[in-house]
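**Q** Have a look at this one before I ask anything.
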Amino acid sequence: MANLKEVRTRIASVSSTQQITSAMKMVSAAKFRRAQNAIFGMRPYAAMMAEIVGDIGIEDGVQTPYHEVRKAEKVLLVVVTSNKGLCGAFNANVIKEATARIKYYQAQKDVSEVMLFAMGKRASEHLARHFSDLSLESHDEVLDNPSFEEISVLAEDIMERFRTKQIDKVELIYNEFKNSIQQILITEQFLPIVPKSKKAGSEKKVNNDYIFEPSKEEILYEMIPLNLRSHFYRMVLDSVAAEHGARMTAMQKATDNATELLKELKLSYNKARQAAITNEIIEIVSGSEALKK
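Residues 10 to 302 in this note's numbering are what the sequence shown lists, from first letter to last.
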């Protein structure tokens, strides 16, 4: 059994850790509520925008540069993680999926170049270390306080490169927020746009009961870029909310584990202390009996 000094040291260490994880949980909870409100406020707008654009669709003979499907020789992967750790498997899942997609495209004969667009220090550092031969852009700062204006600039840059055929395909890899406990790993095609009727499992009837003023073409040319920017912004908000939810859950589990460990250590300390006292009593009694003899 460990001596009393060792157990006291461990109790002090675990107690300190418990206080830190508990404080981090409260901080994450406050940030989580703000991020949750932001994504819940954005989702209805983004969903309705996507539905309207999808209802016009290319089935009506309306095409934009963002619908152009061409041979995917240059692929851009947008990878979104967090700037900080201590959030469970949040970052590891995204990085693992990104690594798999990179290797997949590198194995394709038609793909001549795979480019990386990282948002979040965890992704930037990992990709720079393990894929130093690939072109990598890092935009970690936008996650600290994401705004539509900043995110729109990044989305517009990607859209411009697709329009000018500098890239042929864009994929997004991120965690979608479901609740504080669960995040959904998403890998989806951003560009070219996949028409609603061609998306897997899309059986919803197209609503063509619209009166267009001005023409469909003009409306679509205005709404498609806005829809893409909105979708890109929603992706970032999803990732931020999912991050804070994952960290809050991870810190709660760490606090609970520390509490259980403290109980075990205090029990161990009391047993060791009782054993030491018992030994002292035995020695005193033995000494007293020896003197009597």
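Each residue gets a CB set at the ideal place from its N, CA and C atoms; glycine is no exception.
If you run the structure through DSSP and keep just helix, strand and coil, what is Asn288?
**A** Translated into the one-based positions of the sequence shown, residue 288 becomes position 279. Helix.
**Q** Less than 6 Å between C-beta atoms, sequence neighbours within five positions excluded: which residues of the same chain meet that for Thr26?
**A** For the purposes of this step, residue 26 is identified with residue 17 of the sequence shown, where counting begins at 1. Excluding sequence neighbours, Thr26 sits near Ala267.
**Q** Please work out which residues of its chain come closer than 8 Å, Cβ to Cβ, to Met33, disregarding the five sequence neighbours upstream and downstream, and give them in chain order.
**A** Here the question's residue 33 lines up with position 24 in the sequence shown. The residues are Leu95, Arg256, Met260.
**Q** In or out: Val123 buried (at least 16 other Cβ within 10 Å) or exposed?
**A** Position 114 of the sequence shown, counted from the start, is the residue given in the question as residue 123. Val123 comes out buried.
**Q** According to DSSP, simplified to helix, strand and coil, what is Met10?
**A** The residue given as residue 10 occupies position 1 in the sequence shown. The predicted position of Met10 is uncertain, since its pLDDT is 48 and thus under 50; a value taken from the coordinates is nonetheless stated next. Three-state result, Met10: coil.
**Q** Around the C-beta of Leu276, are 16 or more other C-beta atoms found within 10 angstroms, so that it is buried, or is it exposed?
**A** Here residue 276 is taken as the residue at index 267 of the sequence shown, counted from 1. It counts as exposed.
**Q** If you draw a straight line from the alpha carbon of Asp247 to that of Lys130, how long is it in whole angstroms?
**A** Along the sequence shown, one-based indexing puts residue 247 at 238. Along the sequence shown, one-based indexing puts residue 130 at 121. Their backbone Cα atoms lie some 17 Å apart in a straight line.
**Q** So, with DSSP's three-state summary, where would you put Gln283?
**A** As a working note, residue 283 is residue 274 in the sequence shown. Gln283 falls in the helix class under three-state DSSP.
**Q** Mind listing, in chain order, the continuous alpha helix (DSSP H) runs of no fewer than 4 residues lying wholly within the stretch 174 to 253?
**A** For the stretch 174 to 253, not a single whole alpha helix (DSSP H) run of length 4 or above is found.
**Q** Using the C-alpha atoms, what's the distance from Lys178 back to Ala132?
**A** In the sequence shown, residue 132 corresponds to position 123, counting from 1. In the sequence shown, residue 178 corresponds to position 169, counting from 1. If you take the alpha carbons of Ala132 and Lys178, they lie about 20 Å apart.
**Q** Let me know the secondary structure DSSP gives Ala127 once reduced to three states.
**A** Translated into the one-based positions of the sequence shown, residue 127 becomes position 118. Of the three classes helix, strand and coil, the one that applies to Ala127 here is strand, per DSSP.
**Q** Is there contact between the stretch 71 to 82 and the stretch 45 to 58, where contact requires at least three CB pairs shorter than 8 Å?
**A** Because the criterion of three Cβ pairs below 8 Å is not met, the stretch 71 to 82 and the stretch 45 to 58 do not touch.
**Q** Per the DSSP calculation, Lys83 is bridged to which residue(s)?
**A** Counting from one through the sequence shown, the residue named residue 83 turns up at place 74. Lys83 is bridged to Glu122.
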